[in-house]
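Inspection log for the structure reproduced underneath, given as structure tokens.
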Amino acid sequence: MRTALLLSFFLIASQATAQTPATQKPAPTPPPKTATPPTQPAPAQPAPAQPRTTPPATTPPATTTTPRRPAATTTRGGIAITATSPQGATLAGVRVSISGPTERSDQTDAGGQLSIPSLLTGTYRVRFEGEKVTAFEKEVTVQTGRVTQVDVMLNPAPEPKVVVAPAPPPPASATAAVGPKGQPLSVGVESVLEKEFVRNEPRRESLLACSGNQRTTMIQLNKALPERLYEDADAVYYVLGGEGTIQLNGKNTQLGLNDFVSVPRGTSHAFTNRGKRALVLLSVLSGEPCEQAK
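Below, the structure written as structure tokens:
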């Protein structure tokens, strides 16, 4: 019976413990924590996506271009030019042309000076020229952030040469003057000498024929024949008798019987007799009109 009592006590205790959870249902009040889910507008959190609508930071390009500006200025320099004459006077109006990394051209002012700024650094070829100076070139090096001083002395330009134009030739249609036409003639030299002998006279010239632009004469010389020069006629001489000397442009040549001499136009010449006999010459002049036909 004692055992039965113990068993019934355990049964009652077990039932009591099983019912406590059912009676303690108010304890599940913790669900109010789940009531917070109404605040779960977590799905409506697309708002954080709004930053995507803003473009990526565009400021970096601006920050990259800004430092380049000073870099451009540091790669330039300048040239300061002063042009003077050999006597030290400044030269205005001298044209200056530079070729190299930068191309420029200008001229010096009233004080002979010229300033050329903002040139890229490097080596330049500088040319100076003008109407009153002789052209001159030199190399100049331009350095970063510096003005290169160029002092140049220019020589005066040579005086212009005066070229005299030759006289124009006569028109092709112009006809050379021609003397009158002569008559046919045949004559013996000995007979002419008998009639026209010089005797004691210093000299004698006898006209044998004259036609157009040709004249033939016989010349007898007991003394020297003064110097002659024909501008527009050629002369030939043939020795018929005696001995003598001919002077051509200052040079003497001896003449004897049957010698022949040709004298072009524009050539001075003179004759001298040698010995006791007269020097007899046959002269033919071609190029000048005859004064009278014969």
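In terms of the numbering used here, the sequence shown is residues 1 to 294. Think of the CB as a built atom: it goes at the ideal place given N, C-alpha and C, for glycine as much as any other residue. For clarity, every value in this text was computed on a predicted model and none was experimentally measured.
Burial state of residue i (16 or more Cβ within 10 Å)
| i | result |
| --- | --- |
| Asn273 | buried |
| Gly188 | exposed |
| Ala278 | buried |
| Tyr237 | buried |
| Gln220 | buried |
| Pro70 | Residue confidence for Pro70 is low, a pLDDT of 49 falling below 50, so the modelled location carries little weight and cannot support an answer. |
| Leu185 | exposed |
| Leu255 | buried |
| Ser216 | The question names Ser, yet the displayed sequence has Thr at residue 216. So Thr216 counts as buried. |
| Phe197 | exposed |
| Leu285 | buried |
| Leu114 | buried |
| Thr108 | buried |
| Phe271 | buried |
| Val178 | exposed |
| Gly145 | exposed |
Cβ pair residue i, residue j closer than 7 Å
| i | j | result |
| --- | --- | --- |
| Ile79 | Val162 | no |
| Glu139 | Thr123 | yes |
| Asp232 | Gly287 | yes |
| Phe128 | Val96 | yes |
As assigned by DSSP and simplified to three states, the class of residue i
| i | result |
| --- | --- |
| Glu190 | helix |
| Lys195 | helix |
| Gly93 | coil |
| Ala110 | coil |
| Tyr230 | coil |
| Asp259 | coil |
Minimum Cβ-Cβ distance from residue i to chain E less than 7 Å
| i | result |
| --- | --- |
| Leu208 | The structure shown contains no chain E; it is built from a single protein chain. |
Cut-off 6 Å between Cβ atoms - residues of its own chain near residue i, not counting five sequence neighbours on either side
| i | result |
| --- | --- |
| Lys195 | none |
| Ala27 | Interpretation of Ala27 is limited by its pLDDT of 47, a score under 50 that renders its predicted location unreliable; the figure taken from the coordinates is listed afterwards. Excluding residues within five positions, none has a Cβ falling inside 6 Å. |
| Ser99 | Arg125 |
| Thr253 | Ile246 |
Contacting residues, own chain, Cβ-Cβ under 8 Å from residue i (five flanking each side not counted)
| i | result |
| --- | --- |
| Arg203 | Ile219, Gln220, Leu221, Asn222, Lys223, Leu225 |
| Gln143 | Gly77, Thr121 |
| Leu207 | Arg215, Thr216, Thr217, Lys294 |
Contacts around residue i, its chain only, beta-carbon distance under 7 Å, and the 5 residues preceding and following it disregarded
| i | result |
| --- | --- |
| Lys132 | Pro156, Ala157 |
| Ala110 | Ala92 |
| Ser211 | Lys181, Gly182, Cys290, Ala293 |
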